[in-house]
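> In our numbering, the protein residues as written are 838 to 970. The beta-carbon is built from N, C-alpha and C at its ideal position, and this holds for glycine as well. Please read these numbers as outputs of a predicted model, since none were measured by experiment. Please find one structure pasted underneath; my questions will follow.
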């Protein structure tokens, strides 16, 4: 089984396709009809397909409460055309308009400190760079 690489939302790009990643951020909006949500982190946004994670019989507080902090694991996939975001006020980089994140798992993470998450990702990248040198 391949590991899910911890990744900042700002680093999500077509260069990482296809790849299993783990991301963290706040739920900006959720569309029930398409089972998609926008995960945000500072100025970065990614569209996440949560259809495999939503169970109508199990309560998911992260879907109902605005700005809930979550961690998601899944695959980045390229789309044939630009992804249509649910809200027009969401700014999206050119790179992420062609990407959708297919979540396999989404968990609420209210105790996660994003600054620690970022630091851990930076340290992991340094170790990986040294190992490849």
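Could you give the residue range of the alpha helix (DSSP H) that holds residue 955?
Run containing residue 955: 951–969, per the alpha helix (DSSP H) assignment.
> Which stretch, first to last residue, makes up the beta strand (DSSP E) that contains residue 942?
Segment 936–945, the beta strand (DSSP E) holding residue 942.
> Tell me, please, whether the stretch 864–872 touches the stretch 888–908 by the rule of three or more beta-carbon pairs shorter than 8 Å.
Flag = yes, the stretch 864–872 and the stretch 888–908 touch.
> Residue 897 to residue 891, Cα distance in whole Å?
The straight-line gap from Cα to Cα measures roughly 8 Å.
> Between 872, 913, 869, which has its C-alpha nearest residue 845's C-alpha?
Looking at the Cα atoms, 913 is the closest of the given residues.
> Just the C-alpha distance for residue 978 and residue 843, rounded to the nearest angstrom, thanks.
Only positions 838 to 970 of the chain appear in the structure, and residue 978 is not among them; the question remains open.
> Name the one or two DSSP bridge partners that residue 876 has.
Answer is 864, 883.
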